[in-house]
Amino acid sequence: MTIAKRNVALPPGSTAVRRRRRSISIRAVTVQDLPNEILAEVFMHAIADDRQKVFPKSEDSLRSRHDVLLNIMLTCRKWKAVALAAPRLWDTVYIRKETRILVIQRFIERSKAIDLKLYMRLKTARTLAVVSQYAPRLIELHLWLKKVDVHTVVESMDFAVPRLQRLTLHLSSVTVAAPGIELPRRFLSSISALRELRLSPYPGLVPRGHCTRLTRLCLSTGPCPATGGMSILDILDILEENPGLEELELGLKLYGAATEIVRLVQLPRLRLLSLREFMGDKLPVILAHIGLPEEAHCLICHAQGIWDNLSTSFPQDVSHLRNLQQVTRIQISYSEDAILQVIAASDRDRSSFWYDTGDAYDLEVYAQDSVHFSTLFTLPILFPAGQLSELWIAFPEYDQVLPAKKWQQILEPMQSLCALNVIQPKQEQLVEALAMRCGGGKRLCCQQLRHLGLSDRGSLQLRRVKKVLRQRREGSCPLTSLWLFSLDHPRVPAANIQLTEELGEFVHVRITVDDAWPTMRLPQIYEDRFIEEFDLEPLY
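Under UniProt numbering, read the sequence shown as residues 1 to 540, first letter to last.
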């Protein structure tokens with residue numbers, strides 16, 4: 001039929017054929033339509049942890065993974081069936097203090113026959129009997145028990161764990177001291193595959209001679225006086241048995257004379273050495289007898305308990321540490337809470353050094369004789385000052401003035417210094433030092449210096465800064481960048497803002513007003529792990 005003939009049958013007033021629009025009906029695809037294998041992977045992503053936990057710090061951390069799984073199972077019958085049929089969702093079991101044994105068994109049985117990781121936070125050692133049934137599948141076992149007899153715990157670990165790779169044993173608030181106690185022989189003879197070991201507060205439980213393939217070792221006594229400590233010689237013996245160590249953390253009481261030690265332990269793969277509180281006056285001994293590789297990070301954190309032996313300068317001679325040979329950036333700070341920090345890092349962030357006294361210093365200090373200023377004078381001794389390119393000095397709460405001649409003595413060895421940032425209330429003497437001549441009057445201080453950062457709380461005299469900028473330009477070592485950083489404070493005069501336009505004749509001027517002082521860029525490894533794991537942060 002032609003269009004003309006079809007139009008005859010149309011109602012009056014219609015002159016053309018109306019086209020029909022066909023709608024294609026597409027059923028919406030939901031998560032329910034995914035194959036079970038893909039749905040299980042989605043669930044795995046939902047419960048995944050961004051970082052490998054050593055042990056949850058609270059009950060909330062233990063609860064989170066199982067709560068996510070519970071929410072998944074309560075969504076619908078299909079999701080529950082998929083969750084129960086995916087063993088990998090149950091390969092990590094977090095056991096809380098109130099978890100019943102029947103529930104523990106049910107969780108573990110859902111993991112079928114795959115590798116098993118157990119995190120147990122318990123009040124009693126009886127629950128360990130459940131572990132023995134699944135011991136051949138264990139690759140990780142982390143125990144945290146409170147107010148329990150250590151003998152009972154150790155006796156309950158009489159089972160073989162041939163596949164175990166990570167072991168944490170933390171006995172908090174123990175009630176009985178246990179000198180000389182050892183793990184069961186059956187347990188010890190089966191841990192040859194162990195890679196990571198963490199013991200606290202009983203480092204004496206370390207299985208010497210039974211695990212020689214460790215890559216991570218943490219021994220800590222904490223503040224528990226009943227646990228005693230370890231001999232320095234025993235520590236060195238353990239390290240010699242495990243030359244493949246990559247991370248070593250020590251926070252324990254040490255005893256033994258340095259004269260007894262005649263060897264140097266080499267750890268060529270070590271990437272992190274952390275020496276924490278309770279090390280006492282044996283800290284320098286440990287540093288002197290561990291061969292630290294060039295590409296390693298050394299953390300001396302919360303060095304409480306060693307301050308009785310400190311001079312007013314930097315506490316230890318660490319110039320022999322090989323990782324310090326790569327240092328090009330240093331930050332020294334002394335906070336209002338009397339915390340001294342020294343942070344040093346290489347350009348490539350492959351090695352670093354962090355010293356933190358915590359609250360070790362609780363005394364009044366004076367300008368030239370104080371800990372923080374004296375530390376500046378030891379820089380050329382402890383670090384290769386000739387290769388330093390960046391230096392941060394932060395003493396924001398101290399009004400004492402270091403003379404320009406003293407500043408010159410500090411900066412003179414740093415002839416490769418390119419960037420200097422100083423945070424302190426009074427900057428005039430430092431600025432004067434940058435215009436002083438050294439080397440018999442032949443050259444200006446820090447000839448390679450191109451960037452200068454100065455804090456300003458309202459007392460910085462920019463006219464004097466302008467004079468120094470002119471002198472350095474005339475001396476053929478001009479500054480190219482000036483960074484003025486201030487706290488958001490009304491005392492910063494508006495006149496300084498106007499003077500910065502005049503300073504632009506000599507340098508590029510940057511002004512920052514914030515509620516906190518800037519800090520040196522930290523190595524990425526601090527951001528990824530150490531700031532949270534070791535409670536570290538730049539303080540001033």
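All residues carry an ideal CB built from backbone N, CA and C; glycine is no exception.
Could you give the distance in angstroms between the alpha-carbon of Ile-410 and the alpha-carbon of Val-465?
The count along the sequence shown starts at 1 and reaches residue 410 at position 410. The count along the sequence shown starts at 1 and reaches residue 465 at position 465. Their Cα atoms are separated by approximately 20 Å.
Going by CA-CA distance only, name the one from Gly-204, Ala-394, Pro-413 that's closest to Lys-426.
If you number the sequence shown from 1, residue 426 lands on position 426. Nearest option by C-alpha distance: Ala-394.
Going straight from the alpha carbon of Leu-484 to that of Val-507, what length do you get?
Numbered from 1 along the sequence shown, position 484 holds the residue referred to as residue 484. Numbered from 1 along the sequence shown, position 507 holds the residue referred to as residue 507. Whole-angstrom Cα-Cα distance: 12 Å.
Provide the residue(s) that pair with Gln-331 in DSSP beta bridges, ordered along the chain.
Taking the first residue of the sequence shown as 1, we reach residue 331 at position 331. Looking at the DSSP assignment, Gln-331 forms a beta bridge with Ile-343, Trp-392.
In whole angstroms, give me the CA-to-CA distance for Asp-535 and His-170.
Walking along the sequence shown from the start, residue 535 turns up at place 535. Walking along the sequence shown from the start, residue 170 turns up at place 170. Between Asp-535 and His-170, the C-alpha separation is close to 19 Å.
According to DSSP, Gln-266 sits in a beta bridge with which residue or residues?
To locate residue 266, count along the sequence shown from 1; it is residue 266. DSSP lists Gly-291 as partners of Gln-266.
Can you tell me which of Lys-405, Pro-184, Cys-218 puts its alpha carbon nearest to the alpha carbon of Leu-434?
As a working mapping, residue 434 is identified with position 434 in the sequence shown. That would be Lys-405, whose Cα lies nearest to the Cα of Leu-434.
Alpha carbon to alpha carbon, what distance is there between Ala-85 and Arg-100?
On the sequence shown, residue 100 is found 100 positions in, with the first residue counted as 1. On the sequence shown, residue 85 is found 85 positions in, with the first residue counted as 1. Cα to Cα, the separation comes out at about 23 Å.
With a threshold of 16 other CB atoms inside 10 Å of the CB of Ser-231, please say whether the residue is buried or exposed.
The residue you call residue 231 lines up with position 231 of the sequence shown. Residue environment analysis places Ser-231 among the exposed positions, since fewer than 16 neighbouring C-beta atoms fall within 10 angstroms of its C-beta.
Please say whether Leu-270 and Leu-245 have beta carbons closer to each other than 8 Å?
Working through the sequence shown from its first residue, we reach residue 245 at position 245. Working through the sequence shown from its first residue, we reach residue 270 at position 270. Going by C-beta atoms, Leu-245 is nearer than 8 Å to Leu-270.
Sort Gly-458, Gln-524, Leu-382, Leu-199 by Cα distance to Gln-326 and report the nearest one.
Here the question's residue 326 lines up with position 326 in the sequence shown. When only C-alpha atoms are compared, the closest one is Leu-382.
Would you list the residues sitting across from residue 613 in a DSSP beta bridge?
No answer is possible for residue 613: it lies beyond the span of the chain, which begins at 1 and ends at 540.
Return the first residue and the last residue of the alpha helix (DSSP H) that Met-157 is part of.
Residue numbering aside, residue 157 sits at position 157 when the sequence shown is read from its first letter. Per DSSP, Met-157 belongs to no alpha helix (DSSP H) and is neither H nor E.
Which residue from Leu-469, Lys-123, Asp-91, Ala-125 puts its Cα closest to that of Glu-109?
If you number the sequence shown from 1, residue 109 lands on position 109. Minimum Cα distance to Glu-109 is reached at Asp-91.
Please report the residue range of the alpha helix (DSSP H) in which Arg-185 lies.
If you number the sequence shown from 1, residue 185 lands on position 185. Unbroken alpha helix (DSSP H) run through Arg-185: 185 to 188.
Can you look up Thr-512 in the DSSP assignment and give me helix, strand or coil?
Locating residue 512 in the sequence shown gives position 512, where the first residue counts as 1. Three-state DSSP puts Thr-512 in a strand.
Decide if Arg-479 is buried, meaning its Cβ has at least 16 other Cβ atoms within 10 Å, or exposed.
Along the sequence shown, one-based indexing puts residue 479 at 479. According to the sequence as given, residue 479 is Leu; it is not Arg. Result: buried.
Between which two residues does the alpha helix (DSSP H) harbouring His-45 extend?
Along the sequence shown, one-based indexing puts residue 45 at 45. Segment 36 to 47, the alpha helix (DSSP H) holding His-45.
Looking at the structure shown, is Ala-419 part of a helix, part of a strand, or coil, going by DSSP?
In the sequence shown, residue 419 corresponds to position 419, counting from 1. Ala-419 falls in the strand class under three-state DSSP.
Count the other C-beta atoms from every protein chain shown that fall within 10 angstroms of the C-beta of Glu-37, then say buried if there are 16 or more, exposed otherwise.
Looking up residue 37 in the sequence shown gives position 37. Exposed, by the Cβ-count rule.
Identify which residue in Leu-254, Gly-209, Arg-126, Val-82 has its Cα closest to the Cα of residue 541.
Absent from the structure is residue 541, since the part of the chain shown begins at 1 and ends at 540.
Can you grab the Cα-Cα spacing for the pair Leu-143 / Phe-377, in whole Å?
Residue numbering aside, residue 143 sits at position 143 when the sequence shown is read from its first letter. Residue numbering aside, residue 377 sits at position 377 when the sequence shown is read from its first letter. Between Leu-143 and Phe-377, the C-alpha separation is close to 47 Å.
Which of the three DSSP states, helix, strand or coil, is assigned to Trp-144?
Residue mapping note: residue 144 aligns to position 144 of the sequence shown, counting from 1. Note: Trp-144 maps to strand in three-state DSSP.
Which partner residues does Ser-476 have in the DSSP bridge list?
Here residue 476 refers to the residue found at position 476 when the sequence shown is read from its first residue. Ser-476 is not bridged to any residue.
Below 8 Å on the Cβ atoms is my contact criterion, and I expect Leu-219 with Glu-196 to pass it. Report the Cβ-Cβ distance as a whole number of Å.
For this step, residue 219 is matched to residue 219 along the sequence shown. For this step, residue 196 is matched to residue 196 along the sequence shown. That pair is no contact at about 12 Å.
Grab the span of the beta strand (DSSP E) containing Ile-300 for me, first residue to last.
In the sequence shown, the residue the question calls residue 300 occupies position 300. Start and end: 297 to 300.
Just how far apart, CA to CA, sit Leu-233 and Ser-476?
In the sequence shown, counting from the first residue as 1, residue 233 sits at position 233. In the sequence shown, counting from the first residue as 1, residue 476 sits at position 476. In a straight line, the C-alpha of Leu-233 is about 57 Å away from that of Ser-476.
Measure the CB-CB distance between Ile-297 and Leu-264 and report whether it falls below 8 Å.
Translated into the one-based positions of the sequence shown, residue 297 becomes position 297. Translated into the one-based positions of the sequence shown, residue 264 becomes position 264. What sits at residue 297 in the sequence shown is His, not Ile. Taking 8 Å as the Cβ cut-off, His-297 and Leu-264 do not qualify as a contacting pair.
Return the chain-ordered list of same chain residues with a C-beta closer than 8 Å to the C-beta of Arg-185, the five sequence neighbours on each side being excluded.
As a working mapping, residue 185 is identified with position 185 in the sequence shown. Nothing listed; no residue qualifies.
What span of residues does the beta strand (DSSP E) with Ile-95 cover, start to end?
Here residue 95 refers to the residue found at position 95 of the sequence shown. It spans 92 to 95 - the beta strand (DSSP E) in which Ile-95 sits, taken as one unbroken run.
How many whole angstroms separate the CB atoms of Ser-416 and Leu-388, which I take to be in contact at a CB cut-off of 8 Å?
Mapped onto the sequence shown, residue 416 falls at position 416. Mapped onto the sequence shown, residue 388 falls at position 388. With 8 Å as the limit, Ser-416 and Leu-388 qualify as a contact, their Cβ atoms being about 6 Å apart.
Just to confirm before moving on: does the CB-CB distance between Val-318 and Ile-332 stay below 8 Å?
As a position in the sequence shown, residue 318 is number 318, starting the count at 1. As a position in the sequence shown, residue 332 is number 332, starting the count at 1. No.
Are the CB atoms of Ala-135 and Val-161 within a distance shorter than 8 Å?
Position 161 of the sequence shown holds residue 161. Position 135 of the sequence shown holds residue 135. Contact: yes.
Give me the Cα-Cα distance between Ala-81 and Ser-111, rounded to the nearest whole angstrom.
Start at 1 with the first residue of the sequence shown, and residue 81 comes out as number 81. Start at 1 with the first residue of the sequence shown, and residue 111 comes out as number 111. Cα to Cα, the separation comes out at about 14 Å.
CB Cys-301 to CB Arg-276, shorter than 8 Å?
As a first step, residue 301 must be located in the sequence shown, where it is residue number 301. As a first step, residue 276 must be located in the sequence shown, where it is residue number 276. The answer is yes: Cβ separation under 8 Å.
At what residues does the beta strand (DSSP E) containing Glu-249 begin and finish?
Your numbering for residue 249 matches position 249 in the sequence shown. It spans 247 to 251 - the beta strand (DSSP E) in which Glu-249 sits, taken as one unbroken run.
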